[in-house]
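Presented below is the structure to which this report refers.
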Amino acid sequence: MLREGWNFHDDIAVPLEHDSNILYGWPHPEPKGKIYSADMIEAGHFAEAMMLLLRVKADYAARDDIDSFVKRCSAYAGLRASEIEKEAADNLYIEFKRIFSALS
């Protein structure tokens, strides 16, 4: 169930940008034009950003949880936020956060 007032930009794109900034040690906001910027995530790099962040944080190690996520998430590769059902986007992001936070 989505929270009242949920929107893709504030609830997913900005937190993903923040995660990438921390992981890569970039200043905030992240330089425009990179796939990890909130605007680019919303414009069609949602799935790609999550998949890459997981792979990078796991140091590209083979992991069943990440492989399963990538397989599920790849159906959304290249889609703009407006092309993804809100609940589907939120569920993917929740799963991403679970896996991302479990990686050391």
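The numbering of the sequence shown is this note's numbering, which starts it at 152 and goes up by one.
The C-beta atom is built at its ideal place from N, Cα and C for all residues, glycine as well.
Collapsing the DSSP output to three states places GLU236 in coil.
ILE173: member of the alpha helix (DSSP H) spanning 165-175, first to last residue. When ILE235, MET152, ILE173 and ALA194 are compared, the shortest CA-CA separation from SER252 is found for ILE173. Rounded to whole angstroms, the Cβ separation of ALA239 and PHE197 is 11 Å, and the two are not in contact under 8 Å. If you compare the alpha carbons of VAL165, SER188 and LYS248 with that of LYS208, the shortest gap goes to LYS248.
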